[in-house]
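Line by line, the protein sequences are chains Z and L. 7 is the number of the first residue of the first sequence in the working numbering; add one for each residue after it. 7 is the number of the first residue of the second sequence in the working numbering; add one for each residue after it. Beta carbons are placed, not taken as given, at the ideal position from N, Cα and C, and that holds for glycine.
Protein chains: 2
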Amino acid sequence: MAEPTFQSLPGFRDFTPRECAVRNYLFETWRNVARRHGYVEYETPILEDTGLYLKKSGGELSSQLFRFEDQGGRDVTLRPEVTASLARLAAQHQRDFPKPLKWFEIGQCFRYEKPQKGRGREFHQFNVDILGEAGPAADAELIALSIATMLAFGFTAGDFMVRVSDRQAWIDFAKAHGIADDQTAEFLGIIDKLEREKPEITAEKLAAFSLTTGQVREFIANPPADASPAYAAIAADLTARGYGGFIKLDLSIVRGLAYYTGVVFEVFDARQSMRAVAGGGRYDTLVSTISDGATDLPATGFAMGDYVIRNLIEETAHANMELEVWLRRNAALCDVFVVVADDERRDDALALATRLRNAGISTDFPLARAKVAKQFQSAERARARFALVVGSEFPELKLKVLSSRTEEPCHAETITDFLTIRLTQPDGPLLA
Amino acid sequence: MAEPTFQSLPGFRDFTPRECAVRNYLFETWRNVARRHGYVEYETPILEDTGLYLKKSGGELSSQLFRFEDQGGRDVTLRPEVTASLARLAAQHQRDFPKPLKWFEIGQCFRYEKPQKGRGREFHQFNVDILGEAGPAADAELIALSIATMLAFGFTAGDFMVRVSDRQAWIDFAKAHGIADDQTAEFLGIIDKLEREKPEITAEKLAAFSLTTGQVREFIANPPADASPAYAAIAADLTARGYGGFIKLDLSIVRGLAYYTGVVFEVFDARQSMRAVAGGGRYDTLVSTISDGATDLPATGFAMGDYVIRNLIEETAHANMELEVWLRRNAALCDVFVVVADDERRDDALALATRLRNAGISTDFPLARAKVAKQFQSAERARARFALVVGSEFPELKLKVLSSRTEEPCHAETITDFLTIRLTQPDGPLLA
């Protein structure tokens, strides 16, 4: 009996050319948006000392790690996220760069979760951070990027919303209600689980702090005007940019991770039918923690994974249209397919194809001998715009426009310039 | 006493923005060359079932694997190379694509080796393969791409050489000298180690096959004209492309991996001062092996790692110049830096920057209030071409050309079009 054929591991994706093209669309959009906002790209290792994540989380490791011992006996982990590595890198190198650092990374992360729609065991993540600027202008600049990213994917007003919150508002609330500093983290944990926990358990936990669920819900529903001065500044900033309509204050958002220190936010589809598309916030103490106090650098950042954004694009007609247009524009395997109509001219065809390729023109030709009709079929399957026919009349050539099946004469000597210009022109003469 | 600050793991690189830019130069060049030769991009998982590599290697696993048990008890391995995954993917999906498949991947691989110059424990690899075409035209097309890649990095004749060999020539040699089929692999192993093994050991091993080192060396030094019909066809093909001067027959190359079946080749710097820059060959039986015979697809491919090529670029003045030019062209953090000369106009500056960014112009501005002189310093540090001054005369604006320190008047209403055009023009009026 034959052994089973290998599959990729559960939760790990094979990217066939079409899937890879979709991935490239996400990457290219992320990269373009980041660059036009003045962010620069970096990259950290996929494998790290487990201690780095232990340090970041304050001792509590996720149960979802791909963690193992390497051949040198090191306790290592496939990164579940990038921020710990960034904090290390920034602490080491920040002196070499003017502040603030505006850095982004596009990289793969790994979490041992139950694979399901919108979640795998690996995912690509767009990480964007601003380090070295403590004021709310940095948070606003970061949230503006998350909005610009959504707009770049073709989403419009009404498709998505950024829910902004401020841990400081809760810290002030806790203090005003007599909660001790060392119990604030526990209190934040209760708020974080408000929507997921059974009401009686939440009530019981809050009672330990002499609080009721009603008090907490009232603070969320009707926060006092001065609840978050940072939010007020951010809202004014984003309104000046024309982005005011994309944000709202939502104190129910705390975000689970322990290291956030101030403003936090999440980007949601308008119906909130999915997990957050992106999320992040301020983490002013992490760089200091990771560097054992050697470097103190306030920071704010967010991450967007590739799973949820892709699902949202595909479920939103006008965003999906942008993806489809991009895919069609990038679907051709080559621009020019050289048809060898006379086998005696194969060497000339090879020389010609080499010249075109070296001039930057995407060119292909049949590797095996084939009938001319079959070569034209190959040209069409490759979605080439032009078939360039090399036959017995060489150096005279024929250019066939595949969409209109029209023919244009050309010459081997001038073919590179001819095609360079011809490729910028419409297919024609379809409308002639 | 403070704990030590975290470092990246030995052999794992942090890519600071400059290092990341060099990485992007390699990736962009690889991607461009592959695309203009008609190859399409795919991606396979970084983590795979260890059995996949066991199957590929015919039972002998490398000792250099990052191999571990995942939380589900699976025996998994960080990929040491990509070809095994490609064979799996191609077997599963080949029916969806016209043959031959011309596929490439740029991805990270992992090997537990001693870190040293030109070698780390992770490396990025450019993998290029042609599947579904058995003839030497496919090998020639692949070798042509390896040559075009070197040319794209700025290397020229005299900088590098492709040494082409053919395992079939050795298989024929073995048969002619009475070596049994099931001992051919062992014999190939001796040839592979010819330059590294002690001469007396080689002699002893060859004696077991009734051969002398002299016979083997003579076959390498003066191969008979009919030693490799495949090489003859490849040489004719590449000569027609103008690439004949970049290749030579070198039967001393066997390449260690068991799965190669025919033509193999390696790209070397002309002085052969480094490890091979790239290497590959034909593996006609691997797809069948991986798919348990379900799919039979002849294949040929090569890989180029990022370590050796980068070292070679940096040691070759004219190739390094191309890298430096690219880095300088991509060094700007933004094209336009908005200087807020009047704090009352900060909201106008935010709106302006947002419009420029949404028009695709890379734009930045100071997040914190600062004196105008300091803002100009920031603009220069960001290597912006232009500083756009928003002051009390708003909507009248001033555009400062940072290289020439000249000034041009402009207006908020038309600024997007103005800058879109202005960015395509020279800095000026330097030469006026």
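With DSSP collapsed to three states, give me the class of residue i.
i: Thr-3/L; result: Residue numbering for chain L in the displayed model covers 7 to 438; residue 3/L lies beyond these limits and cannot be assessed.
i: Cys-115/L; result: strand
i: Thr-291/Z; result: coil
i: Thr-369/Z; result: strand
i: Ser-171/L; result: strand
i: Pro-16/L; result: coil
i: Ala-163/L; result: strand
i: Leu-318/Z; result: helix
i: Leu-403/L; result: strand
i: Thr-218/L; result: coil
i: Lys-105/Z; result: coil
Does the CB of residue i have a neighbour CB from chain Z at under 8 Å?
i: Leu-53/L; result: yes
i: His-324/L; result: no
i: Asn-30/L; result: yes
i: Thr-360/L; result: yes
i: Asn-133/L; result: no
i: Pro-86/L; result: no
i: Phe-33/L; result: no
i: Arg-202/L; result: no
i: Lys-248/L; result: The question names Lys, but residue 248/L is Gly in the sequence shown. Closer than 8 Å to some Cβ of chain Z, the Cβ of Gly-248/L qualifies, so yes.
With 16 other CB atoms within 10 Å as the buried threshold, where does residue i fall?
i: Asp-243/Z; result: buried
i: Asp-354/Z; result: buried
i: Lys-181/L; result: exposed
i: Lys-61/Z; result: buried
i: Val-344/L; result: buried
i: Lys-108/L; result: buried
i: Asn-133/Z; result: buried
i: Gly-251/Z; result: exposed
i: Glu-210/Z; result: exposed
i: Met-327/L; result: exposed
i: Ile-427/L; result: exposed
i: Gln-114/L; result: buried
Taking the straight line between their C-alpha atoms, what separation do you get for residue i and residue j?
i: Arg-361/Z; j: Pro-205/L; result: 46 Å
i: Leu-263/Z; j: Leu-263/L; result: 46 Å
i: Trp-332/L; j: Arg-41/L; result: 19 Å
i: Tyr-59/L; j: Phe-179/L; result: 30 Å
i: Gly-248/Z; j: Ser-294/L; result: 58 Å
i: Phe-308/Z; j: Leu-92/Z; result: 12 Å
i: Glu-66/Z; j: Ile-296/Z; result: 15 Å
i: Pro-104/L; j: Ser-384/L; result: 53 Å
i: Arg-169/Z; j: Lys-404/L; result: 37 Å
i: Asp-433/L; j: Arg-411/L; result: 10 Å
i: Pro-304/Z; j: Ser-63/Z; result: 17 Å
i: Ala-284/Z; j: Gln-98/Z; result: 27 Å
i: Phe-35/L; j: Leu-429/Z; result: Per the sequence presented here, residue 35/L reads as Thr, with Phe not at that position. Distance between the alpha carbons of Thr-35/L and Leu-429/Z: 21 Å.
i: Ala-359/Z; j: Arg-73/Z; result: 49 Å
i: Glu-192/Z; j: Asp-172/Z; result: 16 Å
Could you tell me the boundaries of the beta strand (DSSP E) in which residue i lies?
i: Lys-123/L; result: Neither: Lys-123/L is in no beta strand (DSSP E) and is coded neither H nor E.
i: Thr-412/Z; result: 412-417
i: Arg-202/Z; result: No beta strand (DSSP E) holds Arg-202/Z; DSSP gives it neither H nor E.
i: Val-270/Z; result: 269-275
i: Asp-243/Z; result: Not the beta strand (DSSP E): Asp-243/Z falls in the alpha helix (DSSP H), residues 235-246.
Alpha helix (DSSP H) containing residue i: first to last residue?
i: Val-331/L; result: 323-335
i: Leu-58/Z; result: 56-62
i: Met-280/L; result: Run containing Met-280/L: none; DSSP gives neither H nor E here.
i: Val-39/Z; result: 23-42
i: Asn-133/L; result: Not the alpha helix (DSSP H): Asn-133/L falls in the beta strand (DSSP E), residues 128-137.
i: Asp-353/L; result: 352-364
i: Leu-151/Z; result: 142-158
i: Gly-78/Z; result: Where Gly-78/Z is concerned, there is no enclosing alpha helix (DSSP H), given that its DSSP letter is neither H nor E.
i: Leu-378/Z; result: Note that residue 378/Z corresponds to Val in the displayed sequence, not to Leu. Segment 378-387, the alpha helix (DSSP H) holding Val-378/Z.
Please report whether the beta-carbon of residue i lies at a distance below 8 Å from any beta-carbon of chain L.
i: Gln-221/Z; result: no
i: Ile-367/Z; result: yes
i: Gly-160/Z; result: no
i: Glu-419/Z; result: no
i: Ala-97/Z; result: yes
With a threshold of 7 Å, establish whether the CB of residue i neighbours any heavy atom of the ligand GTP.
i: Asp-302/Z; result: With respect to small molecules bound, the structure shown includes none, and the ligand GTP cannot be examined in it.
Flag residue i as yes if its beta-carbon sits less than 8 Å from any beta-carbon of chain A, otherwise no.
i: Val-345/Z; result: Of the protein chains in this structure, namely Z and L, none is chain A.
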